[in-house]
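Start counting the sequence shown at 1; every next residue gets the next number (UniProt numbering). The structure appears below as structure tokens.
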Amino acid sequence: MKKRSDTKEQFKRRVSGQQEKDTPGVQQEGAYWLLGSNATQAGSLHCDLWRGRAIDLALHDAIGVYPVTGWWKTHPGQKRFNDKGRYALVVSISAPGHNVDMHAEISAIVAAKIASMVTS
Numbered sequence: 001m002k003k004r005s006d007t008k009e010q011f012k013r014r015v016s017g018q019q020e021k022d023t024p025g026v027q028q029e030g031a032y033w034l035l036g037s038n039a040t041q042a043g044s045l046h047c048d049l050w051r052g053r054a055i056d057l058a059l060h061d062a063i064g065v066y067p068v069t070g071w072w073k074t075h076p077g078q079k080r081f082n083d084k085g086r087y088a089l090v091v092s093i094s095a096p097g098h099n100v101d102m103h104a105e106i107s108a109i110v111a112a113k114i115a116s117m118v119t120s
């Protein structure tokens with residue numbers, strides 16, 4: 001997840017692994033993830049669980065989705081290396097003990113972002 005204090009370039013460097021893992025702040029972020037960065041290279045379906053306070057979540061303003069090396073690279077005989085890859089991102093947010101309709105507000109924000117991307 002991109003921290004609001006990150007520039008887009010810092011976020012891209014961190015996602016693409018160009019930034020050292022022992023950079024201050026990176027390990028602290030890992031404490032919120034159930035599986036963490038070690039699980040991002042295992043298998044085709046990647047799933048992780050972030051647990052934290054709403055104020056900590058509010059410090060982030062983007063999520064990165066990126067490809068990792070898959071079986072097509074290690075099995076070149078299948079000739080699938082030029083195929084397109086499809087991605088899906090599923091996000092669910094829960095606030096146990098709070099009766100808040102986050103869906104309507106979040107849906108409106110997401111719809112506006114998608115509309116601006118389509119018209120750009």
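Just so it is clear, CB atoms sit at the ideal spot from N, CA and C, and this is done for glycine as well.
Along the chain, where does the beta strand (DSSP E) that runs through residue i open and close?
{"i": "His60", "result": "His60 to Ala62"}
Given this structure, state the Cα-to-Cα distance separating residue i from residue j, to the nearest angstrom.
{"i": "Gly30", "j": "Tyr87", "result": "23 Å"}
{"i": "Asp48", "j": "Met1", "result": "12 Å"}
{"i": "Asn99", "j": "Gln78", "result": "51 Å"}
{"i": "Ile93", "j": "Ile106", "result": "10 Å"}
If I follow the unbroken alpha helix (DSSP H) through residue i, where does it start and stop?
{"i": "Leu57", "result": "Ala54 to Leu57"}
{"i": "Ile93", "result": "Premise fails: Ile93 is in no alpha helix (DSSP H) and is neither H nor E."}
{"i": "Ser116", "result": "Met102 to Thr119"}
{"i": "Arg13", "result": "Lys8 to Val15"}
Closest to residue i by CA distance: which of the options is it?
{"i": "Arg4", "options": "Ser107, Asn99 and Ala58", "result": "Ala58"}
{"i": "Lys73", "options": "Asn82, Tyr66 and Val65", "result": "Asn82"}
{"i": "Ile63", "options": "Met117, Asn99, Lys12 and Ala95", "result": "Lys12"}
Taking the beta carbon of residue i as the centre, do at least 16 other beta carbons fall within 10 Å, making it buried, or is it exposed?
{"i": "Arg53", "result": "exposed"}
{"i": "Arg51", "result": "exposed"}
{"i": "Arg14", "result": "buried"}
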